[in-house]
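Colleague:
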Amino acid sequence: YLELSLGSFWQRVIVEKEVESTNKLMKELGNSLPDKSVLIASRQWGGIGRLGRSWSSPEGGLWFSLLLKPQLPMEELPLITLTMAAAMWEGLYNHLGIEVKIKWPNDIIWDGKKLAGILTGVKGDMDKVDYLIVGIGINVNNPIHPELKGIGLSLKDVVKKEVNLNYLLIEILNCIQKYYQLFLTDKREDILIINKEQSTLLGKRIIISSFKGKEEGFAKDIGNDGSLIIEDDNKQIRKVFSGDVSLKEW
Ligand code: BTN
Numbered sequence: 070y071l072e073l074s075l076g077s078f079w080q081r082v083i084v085e086k087e088v089e090s091t092n093k094l095m096k097e098l099g100n101s102l103p104d105k106s107v108l109i110a111s112r113q114w115g116g117i118g119r120l121g122r123s124w125s126s127p128e129g130g131l132w133f134s135l136l137l138k139p140q141l142p143m144e145e146l147p148l149i150t151l152t153m154a155a156a157m158w159e160g161l162y163n164h165l166g167i168e169v170k171i172k173w174p175n176d177i178i179w180d181g182k183k184l185a186g187i188l189t190g191v192k193g194d195m196d197k198v199d200y201l202i203v204g205i206g207i208n209v210n211n212p213i214h215p216e217l218k219g220i221g222l223s224l225k226d227v228v229k230k231e232v233n234l235n236y237l238l239i240e241i242l243n244c245i246q247k248y249y250q251l252f253l254t255d256k257r258e259d260i261l262i263i264n265k266e267q268s269t270l271l272g273k274r275i276i277i278s279s280f281k282g283k284e285e286g287f288a289k290d291i292g293n294d295g296s297l298i299i300e301d302d303n304k305q306i307r308k309v310f311s312g313d314v315s316l317k318e319w
């Protein structure tokens, strides 16, 4: 039989066959579910990615959202995504022995291709966060959408075998529990170290596309506030908090 041990940290785990988007549903349920709830779906017909993109979510992948209700000022929000990225890094290492890369702020990368993504949404105002929805999508055994070949990758193609979704989920949830507790207790060194050491961007020339347009720069560091610190061509140091970052090809 299958024994799954989640401990007492996660208060509610909801499993659905098919939903539009676990992030969307979790946002609706946010007031009625307890802190530290998990919502998982076998597939999503309207999965959401960052920057208004859609997220292909066929059967075989791990698509889930977390509901978190921390006492948190809005400016700490960028660190949540880095906390999750660190947890994913460790979960994949523990479970499959692979060392993935992290593309700030939210992509989990293998061989230049995207294995997983994190989408953090928030309800609240500038002073206080009411609740957070952290959506995590991992390509595990699912096929990659034809339009995303060359961009996306599934774990089964990395480890050359099917991966048990339940065991992987438990490992990742345990790691999220660990890193989220480190985050909440202000022990954030490891979170930052993992994000820096495994970064695909640091030390490279990058292009940042945001609503302000495209900018080029050199990725120098990740700040304690979760920002990406860049040096632009006038040697000015600037902080970037979001946007789409790509490596500049030579
Ligand atoms: C990204 O653009 O990289 C973020 C992708 C996040 C996808 C996950 S899948 C589970 C959750 N529900 C959604 O609709 N999106 C997130």
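When you read off a place in the sequence shown, starting at 1, and then add 69, the result is the number in the UniProt record's numbering. Virtual Cβ for every residue (Gly too), placed ideally from N, Cα, C.
Taking 8 Å as the threshold (C-beta atoms), are I202 and S134 in contact?
Modeller: Yes.
Colleague: With a threshold of 16 other CB atoms inside 10 Å of the CB of G181, please say whether the residue is buried or exposed.
Modeller: By the 10 Å Cβ count, G181 comes out exposed.
Colleague: Would DSSP call F287 helix, strand or coil?
Modeller: F287: strand per DSSP, three-state reduction.
Colleague: Could you tell me if L120 is buried or exposed, where buried requires 16 or more neighbouring beta carbons within 10 angstroms of its beta carbon?
Modeller: L120 should be labelled exposed.
Colleague: So is S278 buried or exposed if we call it buried at 16+ other beta carbons inside 10 Å?
Modeller: Burial call: exposed.
Colleague: Going by beta-carbon coordinates alone, are L237 and L131 separated by less than 8 Å?
Modeller: Yes, the pair counts as a contact, with Cβ atoms nearer than the cut-off.
Colleague: Measure the alpha-carbon distance for T152 versus N303 and round it to whole angstroms.
Modeller: Answer to the nearest angstrom: the Cα atoms are 32 Å apart.
Colleague: Let me confirm a value: R81 is counted as buried when at least 16 other C-beta atoms fall within 10 Å, else exposed. Which label applies?
Modeller: The residue in question, R81, is exposed, as its Cβ has fewer than 16 Cβ neighbours within 10 Å.
Colleague: Can the beta-carbon of M157 be found less than 8 Å from the beta-carbon of I241?
Modeller: Yes, the pair counts as a contact, with Cβ atoms nearer than the cut-off.
Colleague: Going by DSSP, what residues sit across from R112 in a beta bridge?
Modeller: The partner list for R112 (beta bridge, DSSP) reads E87.
Colleague: With distances taken from CA atoms, which of L161, G99, E258 and I263 is nearest P139?
Modeller: The shortest C-alpha separation from P139 is found at G99.
Colleague: Nearest-angstrom Cα distance between S106 and L137?
Modeller: C-alpha separation (whole angstroms): 7 Å.
Colleague: In angstroms, rounded to a whole number, what distance separates the CA positions of F280 and S74?
Modeller: One C-alpha to the other measures close to 44 Å.
Colleague: Quick check: does the Cβ of N264 come within less than 7 Å of any heavy atom belonging to the ligand BTN?
Modeller: No, the Cβ of N264 stays beyond 7 Å of every heavy atom of the ligand BTN.
Colleague: Would you check if the distance between the CB atom of T91 and the CB atom of I149 is smaller than 8 Å?
Modeller: In this structure, I149 does not lie closer than 8 Å to T91 by Cβ.
Colleague: Compute the distance between the beta-carbons of D196 and P127, then report whether it is under 8 Å.
Modeller: No, they are not a contact pair.
Colleague: What's the call for N235, buried or exposed, on a 16-neighbour Cβ count within 10 Å?
Modeller: It is exposed - the Cβ of N235 has fewer than 16 other Cβ atoms within 10 Å.
Colleague: Quick one: using the 10 Å Cβ neighbour count with 16 as the cut-off for buried, is E159 buried or exposed?
Modeller: When all chains shown are included, E159 counts as buried.
Colleague: Pick out the complete alpha helix (DSSP H) segments inside the region 250-301, 4 residues or longer, and give them in chain order.
Modeller: Entirely contained in the region 250-301, the alpha helix (DSSP H) runs reaching 4 residues are, in chain order, 258-266.
Colleague: Would you call the CB atoms of A154 and I171 closer than 8 Å?
Modeller: Contact flag set, yes.
Colleague: Going by beta-carbon coordinates alone, are S268 and I299 separated by less than 8 Å?
Modeller: Their beta carbons are not under 8 Å apart, which means S268 does not touch I299 by this criterion.
Colleague: Given a threshold of 16 other Cβ atoms within 10 Å of its Cβ, counted over all protein chains shown, does G115 qualify as buried or as exposed?
Modeller: It is exposed - the Cβ of G115 has fewer than 16 other Cβ atoms within 10 Å.
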